[in-house]
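Chains as they are written, first to last, in the working numbering: chain F, 1 to 479; chain G, 1001 to 1479.
The beta-carbon is built from N, C-alpha and C at its ideal position, and this holds for glycine as well.
Fair warning: this is a prediction, and the values are worked out from it, not measured in the lab.
Take a look at the structure set out below.
Protein chains: 2
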Amino acid sequence: MPPGQHMTAEEFRHYGRAMVDWVADYLERVDDLPVLSQVAPGEIRARLPANPPEDGEPFDDVLADVDRVIVPGLTHWQSPSFFAYFPANTSGPSILGEMLSAGLGVQGMLWATSPACTEVETLMLDWMAELLGLPERFRSDGAGGGVLQDSASSATLCALLAARERSTGGSGDSPAAQLVIYATSEAHSSVEKAARIAGLGSKGVHLIPIDEHHAMRPDALDAALTEDVAAGRTPCLVVATVGTTGSNAIDPVAAIAEITARHGAWLHVDAAMSGIAALCEELRWLHDGLDRADSYCVNPHKWMLTNFDCDCFYVADREPLVRALSILPEYLRNVASDSGAVVDYRDWQVPLGRRFRALKLWFVIRHYGGSGLRRHVREHVALAQEFADWVRADRSWELAAPAPLNLVCVRHRDGDAVTQQVLERLNASGAAYLTHTRLDDRFVLRVAIGGSATGRAHVERLWHLLRDTADAVSSESDR
Amino acid sequence: MPPGQHMTAEEFRHYGRAMVDWVADYLERVDDLPVLSQVAPGEIRARLPANPPEDGEPFDDVLADVDRVIVPGLTHWQSPSFFAYFPANTSGPSILGEMLSAGLGVQGMLWATSPACTEVETLMLDWMAELLGLPERFRSDGAGGGVLQDSASSATLCALLAARERSTGGSGDSPAAQLVIYATSEAHSSVEKAARIAGLGSKGVHLIPIDEHHAMRPDALDAALTEDVAAGRTPCLVVATVGTTGSNAIDPVAAIAEITARHGAWLHVDAAMSGIAALCEELRWLHDGLDRADSYCVNPHKWMLTNFDCDCFYVADREPLVRALSILPEYLRNVASDSGAVVDYRDWQVPLGRRFRALKLWFVIRHYGGSGLRRHVREHVALAQEFADWVRADRSWELAAPAPLNLVCVRHRDGDAVTQQVLERLNASGAAYLTHTRLDDRFVLRVAIGGSATGRAHVERLWHLLRDTADAVSSESDR
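Next up, the structure:
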């Protein structure tokens, strides 16, 4: 092809196949790569030209640079020895769904801009509600319904905007100063971020004390709400977390729901990290009380084999959400929207535009089926429980929190310095990647088990690495 | 494979190739499909099972359903006869970049979570600044810099949050009631949406009158700012639009910048729709005055052959933006971030997580080169100018606004009813797809020319269709 022209269909087929093979090879060899990228700041950029090319380059050169420049600069989230942050597991069907979405290049901002984009999304949210056993109120055939958000951060923000809309009696213009949000210190940072974005400020977040398992204390919530009402403030939103990022703590939703309803606030349940566990009936206790929540979110892009971004956000009543976010300029008006017979998802989110993200979810659910999805969740939970048992039986390590699902928090009995040194050495070795948190003012390692390719051998190897590294650290400090 | 298991590498190669071929075939045949989907509300959903499958299904069945269910429900944004809304042109290299991003499945929320994700992004934003001839202040080697946002809506919101942070002296906690945003009625709906999200409310937006070309009147802006200051309100943000969605009106940025600076407000220049034209030196007059703007955005996902989502957002000073959006929980702390030597893009956006979107931009720029990108922009502008000439020479149609770039707004001289009927018939025919707006209280058709595969033949055919359809409408109403 002459430089600067469009790729021909034949060239696209050729390089598309090369890319498919590259991805297949990558996923086969990722187990052998250092999990945490070993580069220094600036190193990747320095390998690339400072200025853009004036003339087009052969695509083979671009592909070669993927290996030369990009791969060394990656921290491999798909490595089976990635135990950091949260699982972000993907799968073949999901990657194929993203490919199709990119190839179609359609916009789903309005029903009319591609009806399939909206209707498959609504159906997938209903399928997810069924697979997770969510309350009827979140299905699309009533007053509520679901939508895909890019992330749980955006879902939390949308929950706050809907809650504010309801609190202020439909006047988006009211000053936000008197509105208060409630969550624990263990809730996701997106709660405070949403408060600041929405203009409530950090002072608009009332942090509720936690119990010995790092979960919200309902009595403390009740006291805080009562105190704020007495002081003339308006309780706007309570965020209960089902599986905190730090330690997988599970706030008692049923008790929280009763208190929240009594004070007229909006209850959002953030199950981004752990809600996927509810695929399995034996784990649905997670969602006790959810039938009284106003909104809920869960992330298939964390633990259901689906590429980021894919957060499922549900509301029991879509009216305040849409009222908070709907603005209709003339150039977006159309017969279908005016008829009221369709959903326009642009009114359910912050941005206007949207990709056809439902395709990947549709591919994943059809490929695995409910039974296949449950099997993978059960495998991860079983591995985590086995790991927790090893820790419990060990003389040098101990659990730092309950491990109800697939996250195990551990610390070395010799103290924070040893635990921290183990983390640093292990990550620097590239053999595995863990991240930390602080619980009860102690430095704690988090072992999040949920990679698509993570098996018993990887978890067992991690356990040996932890113990061996700790022995090395201890013996050095003895000298 | 047994149902419910992961795809094997071989299966992924097989279905990946099938998907690449499907996309290549689609892009070759999309010219023959009805541009606007012809389905009725509910029709797509009704073709799919109401409940999720319990067991996994063969992937061949899924692929067959893409043709059976999805394609009829699409409005084909990649059709060369798609002239609606805004261009959303894609390209082979961009689709391949999305494939790679999905296959890698890495997170770019922190530098440490994949250094290449951050460093390639910063470099691409610098490359774009050079290609577009943007002011030095937006380059990453000074106090400013760029970041990819999902959309210009999010960029506008981030601009507002940074502006508010600066206006309130760094206290994110200040009540927002006294802050005011300025834009014209022709500015994008995301300006009002951002005001509502941030808690300023619709009343926090002061609409500035427009001139006869639908651009902001600087004298009116000056008067509004002066009036608000006198009334004790704080001018926070002025949004100047370079290429409005409705009619491609270009607000006079230089004059606006002078007035905005005098009143101490933040100037955001929204060039989402048209800024890509600045690839061409002869069109850089668009950006006159941009060297005094505080922030700027432009969308490669509209007019630079790059898949949605890809908005380039720049700030002249990153400090207020990061201060507005940064919250650091313990589990995200790491040595690189603590050192201050790296950029963590989570602090530059609303969500926490982020895909490796810079890959597609890197692929596009390298494949086309600056010269190739400019050639495509020039082709679209030339086609639009030729179309505008045909309208000017016609006895029945007239231009409804200046057509400085690649958007031509037209109306039929016989009045709104005829213009509207032409739109409805044309769209229903599937032969082309246009959308409308209202200008000077008249119903106007918008012809946005920027499809990757749109050539002279498609534009010429559209012109014949418009004239023939109008003749048919007129002759019927004569009877």
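Mapping the DSSP letters down to three states, classify residue i as helix, strand or coil.
i: residue 176 (chain F); result: Only weak support exists for where residue 176 (chain F) lies, its pLDDT of 49 falling under 50; the coordinates are left without a value.
i: residue 47 (chain F); result: coil
i: residue 1209 (chain G); result: coil
i: residue 144 (chain F); result: coil
i: residue 445 (chain F); result: strand
i: residue 1200 (chain G); result: coil
i: residue 1149 (chain G); result: strand
i: residue 310 (chain F); result: coil
i: residue 304 (chain F); result: coil
i: residue 1359 (chain G); result: helix
i: residue 1250 (chain G); result: strand
i: residue 368 (chain F); result: helix
i: residue 168 (chain F); result: coil
i: residue 393 (chain F); result: coil
i: residue 1181 (chain G); result: strand
i: residue 989 (chain G); result: No information on residue 989 (chain G) is available, as it lies outside the stretch 1001 to 1479 that chain G covers here.
i: residue 981 (chain G); result: The structure shown does not extend to residue 981 (chain G), since chain G spans only 1001 to 1479, so no value can be given for it.
i: residue 1216 (chain G); result: strand
Going by alpha carbons, who is nearest to residue i out of the options?
i: residue 1147 (chain G); options: G:1134, G:1225, G:1125; result: G:1125
i: residue 1094 (chain G); options: F:15, F:406, F:222, F:446; result: F:15
i: residue 198 (chain F); options: F:255, F:180, F:48; result: F:180
i: residue 102 (chain F); options: G:1090, G:1222, G:1113; result: G:1090
i: residue 183 (chain F); options: F:167, F:85, F:156, F:168; result: F:156
i: residue 114 (chain F); options: G:1109, G:1123, G:1041, G:1057; result: G:1041
i: residue 96 (chain F); options: F:363, F:132, F:68, F:242; result: F:363
i: residue 447 (chain F); options: F:73, F:83, F:31; result: F:83
i: residue 318 (chain F); options: F:79, F:33, F:294, F:305; result: F:294
i: residue 194 (chain F); options: F:333, F:373, F:164; result: F:164
i: residue 285 (chain F); options: F:81, F:133, F:476; result: F:133
i: residue 1055 (chain G); options: F:450, F:44, F:371, F:423; result: F:371
i: residue 1340 (chain G); options: G:1074, G:1005, G:1111; result: G:1111
i: residue 1011 (chain G); options: F:20, F:219, F:229, F:330; result: F:20
Hey, could you find the ends of the beta strand (DSSP E) residue i is sitting in?
i: residue 1437 (chain G); result: 1435 to 1439
i: residue 1281 (chain G); result: Per DSSP, residue 1281 (chain G) belongs to no beta strand (DSSP E) and is neither H nor E.
i: residue 1398 (chain G); result: 1397 to 1399
i: residue 1239 (chain G); result: 1234 to 1241
i: residue 1269 (chain G); result: 1266 to 1270
i: residue 1411 (chain G); result: 1407 to 1412
In or out: residue i buried (at least 16 other Cβ within 10 Å) or exposed?
i: residue 247 (chain F); result: buried
i: residue 213 (chain F); result: exposed
i: residue 338 (chain F); result: exposed
i: residue 1037 (chain G); result: buried
i: residue 51 (chain F); result: exposed
i: residue 266 (chain F); result: buried
i: residue 1457 (chain G); result: exposed
i: residue 186 (chain F); result: buried
i: residue 251 (chain F); result: buried
i: residue 309 (chain F); result: buried
i: residue 1049 (chain G); result: exposed
i: residue 1241 (chain G); result: buried
i: residue 176 (chain F); result: Residue placement at residue 176 (chain F) is flagged as unreliable, the pLDDT there being 49, under the threshold of 50; the coordinate-derived value follows with that caveat. Answer is buried; the Cβ neighbour count reaches 16.
i: residue 1335 (chain G); result: exposed
i: residue 1366 (chain G); result: buried
Following the continuous alpha helix (DSSP H) through residue i, name the residue where it begins and the one where it ends.
i: residue 192 (chain F); result: 189 to 197
i: residue 296 (chain F); result: Here residue 296 (chain F) belongs to no alpha helix (DSSP H); instead the beta strand (DSSP E) covers 295 to 298.
i: residue 1011 (chain G); result: 1009 to 1029
i: residue 1350 (chain G); result: Note, residue 1350 (chain G): premise wrong, no alpha helix (DSSP H); not H, not E.
i: residue 459 (chain F); result: 456 to 478
i: residue 1070 (chain G); result: Where residue 1070 (chain G) is concerned, there is no enclosing alpha helix (DSSP H), given that its DSSP letter is neither H nor E.
i: residue 342 (chain F); result: No alpha helix (DSSP H) holds residue 342 (chain F); DSSP gives it neither H nor E.
i: residue 1120 (chain G); result: 1115 to 1131
Assuming residue i and residue j make a contact with CB atoms under 8 angstroms, what is their CB distance in whole Å?
i: residue 1189 (chain G); j: residue 327 (chain F); result: 4 angstroms
i: residue 1144 (chain G); j: residue 1368 (chain G); result: Rounded, the Cβ-Cβ distance is 26 angstroms, inconsistent with contact.
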